[in-house]
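Those letters in the sequence shown? Residues 141 to 496, by the numbering used here.
Glycine included, C-beta positions come from ideal geometry on N, C-alpha and C.
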Amino acid sequence: MLDIKIQKTASPKKIPAKGEKLGFGHIFTDHMFIMNYTEGKGWHDPRIVPFGDITLSPAAMVLHYGQEMFEGLKAYRGENGEVYLFRPDMNAKRANNSNDRLCIPRIPEEDFVQAVKAVVAVDSDWVPSEEGTSLYIRPFVISTDAHLGVAPSKTYMFIIILSPSGAYYESGLAPVGIWIEDEYVRAVRGGMGFAKTGGNYAASLAAQVKAHDGGYSQALWLDGVERKYIEEVGSMNIAFKISGKVVTPMLNGSILPGITRDSILHLCREWGYEVEERRISVDELIAAAHSGALEEVFGTGTAAVVSPVGKLRYKDDVIEIGGGKIGELTQKLYDELTGIQWGKRPDPYGWRVKVC
Ligand SMILES: *Cc1c(COP(=O)(O)O)cnc(C)c1O
């Protein structure tokens, strides 16, 4: 158990009013969690303090070599006014998988979850209550040694900030267009594709810009070696319904093991679908689209939950999926998962965790 000191702000900000546009990731609450790490001492001084700027040496290692990891989860306000998290233990585990890869010291999982709950509880008035809204939670660790040599840092900060966010789809669930990237790659096996770390996103920007310029909302990555097998989309995992089966790229070390991915595969199996986690080539996908076997395509991730894909572009081929409509399974998964997250449906798997 962490002994978290709480210092409340003397000048609370105005909480966005009901109906105010929240967008994503640019409004922050009144408080944040901080804990320091010092070699020889371990993690120490867990505290909740007013949200504000932090001081770093310009030589701080994170600024030069990117030794950092982050997580992303949400707090949801249920109809009864209570505040819930969704599978936060999975974020704590994944954070340590990222930490291990990046030579960042582990954070005990129960401490991670305790810290998330504590800071959300302090700012629980900021958890919005309108349909589809939530409080986005961003835990992250940065390396802070003032040292330009390349080596793991000896000091770190673990910080959690909170941002009320609007519904991902302002006018309801809508299919998006995805650009299959054939020039740039995101990660290779043996690299850090499975870790949630800023460097993977730095590597992704050029393709994202290309996709946007082409009129598509996100880029889909192919494997970094053969540029042949489907990996994942920008900040989402991807799944397909092909001839009635649910097919998704297997976790191979270069894709991010999404908690939404894990949850939807669980639901699909419960509902009796055959689920295949395997390699799937872009050629197989295109052939399935042309033969009519490709029934649905959807992305999965905490931000959008389930995102229907209506169009895929690969080189000169543009594939339309579902004729602009949302697939039946896609909609069912969205309804079930958001139903559990917002406490509107029963939670038979014990995924919902009450904060306050
Ligand atoms: C976070 C993330 C996902 C989705 O993971 P969830 O746990 O479902 O939110 C997928 N791909 C990448 C690259 C990510 O960073």
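Nearest-angstrom Cβ-Cβ length linking residue i and residue j, presumed shorter than 8 Å
| i | j | result |
| --- | --- | --- |
| Y92 | I282 | Residue 92 is absent from the model: the chain starts at 141 and stops at 496. |
| P245 | N237 | Contact doesn't hold; Cβ gap of about 13 Å is too wide. |
| G393 | G441 | The Cβ separation is near 19 Å, so there is no contact. |
| A335 | L469 | Contact doesn't hold; Cβ gap of about 30 Å is too wide. |
| V259 | I188 | 5 Å |
| H184 | N176 | 6 Å |
| P186 | L142 | 4 Å |
| L396 | E372 | 6 Å |
| R326 | W361 | 4 Å |
| K455 | D322 | 6 Å |
For residue i, three-class secondary structure by DSSP
| i | result |
| --- | --- |
| Q207 | coil |
| S431 | helix |
| H166 | coil |
| K145 | strand |
| W266 | helix |
| N220 | coil |
| T416 | Per the sequence presented here, residue 416 reads as Glu, with Thr not at that position. Three-state result, E416: strand. |
| A286 | strand |
| S238 | helix |
| M376 | strand |
| M332 | coil |
| M390 | coil |
| T470 | helix |
| E410 | helix |
| G464 | helix |
| I244 | coil |
| L405 | helix |
| A255 | helix |
| E250 | helix |
| I155 | coil |
CB of residue i within 8 Å of CB of residue j, strictly
| i | j | result |
| --- | --- | --- |
| P152 | F210 | no |
| P389 | I420 | yes |
| E435 | K381 | yes |
| G206 | G339 | yes |
| I404 | L473 | yes |
| E416 | V387 | yes |
| W319 | G354 | yes |
| A232 | E208 | no |
| Y356 | G306 | no |
| M376 | A429 | no |
| L213 | P304 | no |
| V495 | S264 | yes |
| G439 | S447 | yes |
| Y309 | Q481 | no |
| E222 | K484 | no |
| I174 | I370 | no |
| A351 | A359 | yes |
| P315 | G462 | yes |
| P458 | V449 | A small correction: the amino acid at residue 458 is Val; Pro does not occupy that position in the sequence shown. The answer is no: Cβ separation not under 8 Å. |
| H406 | L288 | no |
Residue environment, residue i, which counts as buried when at least 16 other CB atoms sit within 10 Å
| i | result |
| --- | --- |
| R329 | exposed |
| D285 | buried |
| H171 | buried |
| K145 | exposed |
| L345 | exposed |
| T169 | buried |
| F164 | exposed |
| V256 | buried |
| L313 | buried |
| G333 | buried |
| W411 | exposed |
| M230 | buried |
| A199 | exposed |
| C408 | buried |
| Y489 | exposed |
| I301 | buried |
| R492 | buried |
| I194 | exposed |
| R418 | exposed |
| Q348 | buried |
Bridge-paired residues (DSSP) for residue i
| i | result |
| --- | --- |
| H171 | P190 |
| D457 | Y454 |
| L225 | A215 and V493 |
| E436 | K381 |
| L302 | I277 |
| Y341 | Its beta-bridge partners do not exist; DSSP assigns none. |
| V445 | G441 |
| M230 | In the DSSP output, where bridge partners are listed per residue, M230 has none listed. |
| I426 | None, per the DSSP bridge assignment. |
| Q545 | Look at the range of the chain in this structure, 141 to 496, and you will see that residue 545 is not part of it. |
| A199 | In DSSP, A199 forms no bridge with anything. |
| G182 | T178 |
| S293 | According to DSSP, which records beta bridges pairwise, S293 is partnered with nothing at all. |
| Y369 | S421 |
Minimum Cβ-Cβ distance from residue i to chain D less than 8 Å
| i | result |
| --- | --- |
| A351 | Absent from the structure: chain D. Only one protein chain is present. |
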